[in-house]
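Mind the numbering: the sequence shown is residues 39 to 431 in the working numbering, read in order.
The next block holds one structure in the form of structure tokens; read it before the comments.
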Amino acid sequence: MTRVTVPGSKSHTQRALILAATAASPSRIINPSTGDDSVVLTNLLRQAGVGITERKSAGEKVLEVTPLRVPILGPEVFCADGASQARFLSPLAHFAPHDVTITGSSQLLARPMGELRQALTAAGFEINCTGAPDHLPLRIGGGITASEVRVTAATSSQHVSALLMAAPGLPGGLGITLEGPVVSRGYITMTVRTMERFGITVAGREGGWFVPECVFPGTTITIEPDWSLWPFVVIASHFSGLPCAVPPAVQEDARFLEHWQRLLEGEGDMEICLTHTPDLLPPLAVGAALLERHVRFTGIGHAAFKESDRIGVLVRELAKAGTRATFHDGALDLTEHNGVTGLLTLDGAGDHRMVMALSLFALRQRVHIIGREAVNKSWPSFFTEMPGAGLSL
């Protein structure tokens, strides 16, 4: 039997932290993510005046949050590598008596933030990109003056979640309407469900939502194990011949099981759409390579704008492992598999999900991963836990 402890969902943890910080009474967050992104967000909220204490209860990690309701961000907010904390904190600049600059590491500054800038501008902020156009650092002045905003979400949906979570604290609330194609819609659903867990009314309407101004209470919320991390355990367990019991989940990434079953059973060419679950691309692509399946992954264009260009990294690193992958017309095709022997040296490009995915090749042969410390972003104990699923490097 597989013996691996998967940490709490990073996405769920960060939403719970933002809402707990702006509630009217204390909250308890059980089984939060232990990754760097969640630690950074926790510390940034502390700097903004929110009380957050870590405790152990019945063997589980618990964050006890004493809210400020109106956290006051400092003049500069350094978000390290985390795009999620950068996007989620940006609307809170509304409450600061000064301009707020959202910035981060060189990796974060390289990620496009045009949709975030456009959304904040539509809400009424005065935005100045002090570095490259449509990239962080963003200097945010003024505040949210709009009662209705129209936003796009073609490369990320996190700025939509950010505005939804800020809406209860705005006079009159906020209406949000989506324009054009939307990616990662399941993460917006996660945001809405988490808000409802805090007692916030999120009224769905054609093309979007309206969130009324409200004072909402804190709550106790248990974070599900992260289903963007479970795929690595499932794949390793399969090739190691170990039974693997997975937990139920409402996270969109739990659709991995459906895709994985298709790969296990599939013969000939197949197509898998990942428009709303882009984080599944790295494990599914490596899993398909190990199974020597011919597969086309569609709806993945936004995967080029993550911690790395995941599409480009997969094409390059899969080639080293003997799999031909090509990207064209918005799809990644795996078409040829020619097994290689000997030591594989693979470069995770400083991307936690790429490091974890490429490490799966160790199920077949000896592997050296460059930049393996990147796993600290979401699963610091990855390399010590995964032997429990039969994967050792």
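Ideal Cβ placement from N, Cα and C applies to all residues, glycine included.
Small disclaimer: the values here were computed from a predicted structure and weren't measured.
| Asked | Found |
| --- | --- |
| Indicate whether P320 and P285 have their beta-carbon atoms separated by less than 8 Å. | no |
| Grab the span of the beta strand (DSSP E) containing H366 for me, first residue to last. | 361-366 |
| Tell me the rounded alpha-carbon separation between E290 and T227. | 9 Å |
| Could you tell me the alpha carbon to alpha carbon distance between V187 and L201, rounded to whole angstroms? | 9 Å |
| Straight-line CA distance for T60 to G380? | 54 Å |
| For D119, which beta-bridge partners are listed by DSSP? | DSSP, once it has assigned bridges, lists no residue as partnering D119. |
| For V272, tell me which candidate among A359, K48, H297, T422 has the shortest Cα-Cα distance. | H297 |
| Quick check: D389 and K344, are their CB atoms within less than 8 Å of each other? | yes |
| Kindly indicate which residue of A62, A58, T80, P109 has the alpha-carbon position closest to the one of P135. | P109 |
| Taking the straight line between their C-alpha atoms, what separation do you get for A427 and K94? | 26 Å |
| Quick one, are the C-beta atoms of C167 and R149 less than 8 Å apart? | no |
| N81 lies in the alpha helix (DSSP H); which residues open and close that run? | 74-85 |
| Considering only the alpha carbon of each residue, which of V42, R362, S122, F420 lies closest to T229? | S122 |
| Between E217, T215, H406, A342, which has its C-alpha nearest K358's C-alpha? | H406 |
| DSSP puts A369 in a beta bridge; with which residues? | H366 |
| Out of curiosity, what's the CA-to-CA distance linking C443 and I238? | Beyond the ends of the chain as shown, which are 39 and 431, falls residue 443; an answer cannot be given. |
| Hey, out of G87, T40, T104, whose CA is closest to T258's CA? | T104 |
| Would you kindly work out how many angstroms separate the C-alpha atoms of V100 and L55, rounded to a whole number? | 12 Å |
| If I measure Cβ to Cβ from S65 and keep anything under 6 Å in the same chain, skipping five residues before and after, which residues do I get? | A58, V103, G256, T257 |
| I'd like the list of long-range same chain contacts for A341, defined as Cβ closer than 7 Å, with 5 residues on each side in sequence excluded. | P316, L319, R348, I349 |
| Pick helix, strand or coil for G213, following the three-state DSSP scheme. | strand |
| Of the choices S47, A86, A62, I90, whose alpha-carbon is the least far from that of T72? | S47 |
| Skipping 5 residues on each side, what residues in its chain have a beta carbon closer than 7 Å to that of R436? | For the chain, the structure presents residues 39 to 431; residue 436 sits outside this window and is missing. |
| With DSSP as the reference, label D264 as helix, strand or coil. | coil |
| Check whether the stretch 322-334 touches the stretch 395-410, taking contact to mean three or more Cβ pairs, one atom from each stretch, closer than 8 Å. | yes |
| Helix, strand or coil: how does DSSP classify E244 here? | coil |
| To which residues of the same chain is G337 closer than 7 Å at the C-beta, ignoring the five residues directly before and after it? | C311, L312, T313 |
| With distances taken between CB atoms, is the gap from T40 to P281 smaller than 8 Å? | yes |
| What does the alpha-carbon distance come out to for the pair L356 and A363? | 7 Å |
| Alpha carbon to alpha carbon, how far is L295 from A400? Give it in angstroms, no decimals. | 22 Å |
| What did DSSP end up calling N414 once you bin it into helix, strand or coil? | helix |
| Could I get the ranges of all uninterrupted alpha helix (DSSP H) runs contained in the stretch 305-338, with 4 residues as the minimum, in chain order? | 319-329 |
| Hey, could you find the ends of the alpha helix (DSSP H) I408 is sitting in? | I408 -> not in any alpha helix (DSSP H); beta strand (DSSP E) instead, spanning 405-408. |
| From T373 to V353, what does the alpha carbon distance come to, in whole angstroms? | 12 Å |
| Compare the beta carbon distance of T215 and G242 with 8 Å and say whether it is the shorter of the two. | no |
| Do D119 and G142 have their beta-carbon atoms positioned less than 8 Å apart in this structure? | yes |
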